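Residue numbers (my numbering): 7 to 506.
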């Protein structure tokens, strides 16, 4: 795929786009960017310029006349009287998508080659890190063919775009998401054997090069480039989240403009908002100087625990799945990263892992479930894992599972919310180190919460309030979504792990 010029899409850039988003024609800014023109875009723009200054002009009516608007991919047709398990079984097909041979020439959708699963609600396309947790449930449900389809689609995107974008939309190509593809491939290997994964090793190497681009050109004067940062007096490299476009996100344009308004460097704010979106934690106190104020976002200044744990996992797997010099280089990179990981992220006094702030040259004080990645990917020593388990039990464990952070900020990746992927990684991570009782407690509380909310609403939610089980999850830029891919995947996988 050639670099995408977003100016070719009138629902992504230009006066009509800005007027629609600024006017809040739709409650969700993502609605317009997912729409498709009914006639040629130049004709629409000509009509817009001719009509916009009329006293009786109605911008919402104009948009509805000239664009096909998307429908929310939300479950409405399935009886709420069904059991949670039967509901999820139906949702696999309901949320499944078959690639179309032709996509509207002015659609923002990037066509894929194989069937895939969407999360649900406003999320009408494939999403990168969501898909791994969905896939764990698909595998547990005996749908390993769909897991392989997800891997094929992500490898196709790597070959076309150079990386796995946030989702298969053209406005997402400037960023990725946490690199979980190697875990999807690992899942496939567990079910299909080593030979089944051979076609996917080269795309994984390409993804690794994407995350490490520029690492060999860093100097003391230029210590950071895109997603790589020189650390430890120049002897090592760690990674951060990034996005190449210092502009408001197209799918959240109005919200981003408001956050950056009156800021001395709005481009930096936009860069940090976009990097926060690449992290998947959009948004959280992890990225904020002032936990109460999104305007103080500084994502690109943070070396994150989760990202660096994932890249260690990718290096380890590539070391295993390649041969000769390649294998040696990946294994050596993993050893270096593990040493740096413990040097920069482990806090001996607190017995937990914290993100690192490049500018202050010290760890942040934000306690979050990013720390469980160290157990999930087996970076911790036995003693470190024991202490992390103690922190999880004493500080994070709530009636419905683990709370995402200890800060209640109004952001969705903070208290009182819990999220399926973090419960899964905590449970598996604790089991990796023999903390079976705590792992099962978390799993039981989470599955019970999922079931309780389903019995009350007939829906599987994107996120949950784990502190007050009578309330729904909330916070963030958009309403609570139902569907929901990774929730379905994790609850199915947990029930499989424990034979429930």
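Beta carbons: idealized from backbone N, C-alpha and C, even for Gly. These numbers come from a predicted model, not from an experiment.
Under DSSP, residue 231 forms a beta bridge with 234.
Scanning 340, 407, 294 and 427 for the CA closest to the CA of residue 385 turns up 340. Comparing C-alpha distances from residue 49 to each of 71, 128, 38 and 501 shows the shortest one belongs to 71.
When 120, 418, 466 and 35 are compared, the shortest CA-CA separation from residue 104 is found for 120. The DSSP-derived three-state label of residue 205 is helix. For residue 401, the number of other beta carbons within 10 angstroms of its own is below 16, and it is reported as exposed. With respect to residue 479, residue 465 sits apart: the two C-beta atoms are not nearer than 8 Å. Here DSSP, grouped into helix, strand and coil, assigns residue 267 to coil.
When the five nearest sequence neighbours on each side are left out, the beta carbons in the same chain lying within less than 8 Å of the beta carbon of residue 487 are those of 80, 125, 126, 127, 128, 129, 467 and 468, in order along the chain.
Counting along the chain, residue 320 sits inside no beta strand (DSSP E); it lies in the alpha helix (DSSP H) bounded by residues 311-327. The segment 136-156 makes contact with the segment 489-497; the number of CB pairs closer than 8 Å reaches 3 or more. With contacts defined as CB atoms closer than 8 Å, residue 202 and residue 247 fail to qualify as a contacting pair. Its chain contains 203 as the residues whose beta carbon lies nearer than 6 Å to that of residue 195, once the 5 sequence neighbours on both sides are disregarded; these appear in chain order. According to the DSSP assignment, residue 243 belongs to the beta strand (DSSP E) that extends over 242-245. DSSP places residue 466 outside both helix and strand once states are collapsed to three, so it counts as coil. In terms of CA proximity to residue 305, 276 leads the group 270, 276 and 460.
In the DSSP assignment, residue 280 falls within the unbroken alpha helix (DSSP H) covering 272-285. For residue 372, same chain residues with a beta-carbon under 6 Å away, outside a window of 5 residues either side, are 291 and 292 in chain order. Under DSSP, the beta-bridge partners assigned to residue 363 are 308 and 368.
In the structure shown, residue 43 falls within a strand segment according to DSSP collapsed to helix, strand and coil. If you compare the alpha carbons of 462, 171 and 58 with that of residue 250, the shortest gap goes to 171.
In this structure, the CA atom of residue 205 is about 36 Å from the CA atom of residue 225.
The secondary-structure analysis by DSSP pairs residue 133 across a beta bridge with 173. Exposure of residue 75 is indicated by the presence of fewer than 16 other C-beta atoms within 10 angstroms of its C-beta.
Residue 199 sits in coil when the DSSP states are folded into three classes, being neither helix nor strand. In the three-state scheme derived from DSSP, where H, G and I count as helix and E and B as strand, residue 127 is classed as strand.
Secondary structure at residue 64: coil, using DSSP grouped into helix, strand and coil. Within the segment 371-396, complete alpha helix (DSSP H) segments of at least 4 residues are found at 379-382, given in chain order. Counted as a single uninterrupted DSSP element, the alpha helix (DSSP H) harbouring residue 161 occupies residues 150-167. Per DSSP, the unbroken alpha helix (DSSP H) holding residue 91 starts and ends at 90-100. Between residue 217 and residue 346, the gap from beta carbon to beta carbon reaches 8 Å or more.
Exclusion of the five residues before and after residue 399 leaves 444 as the residues of its chain whose Cβ lies within less than 7 Å of its Cβ. Using a Cβ distance threshold of 8 Å, residue 428 and residue 375 count as a contacting pair.
No residue range can be given for residue 297, since it is assigned to no alpha helix (DSSP H) and is classified by DSSP as neither H nor E. Pairing residue 500 with residue 421 gives a Cβ-Cβ distance that is not under 8 Å.
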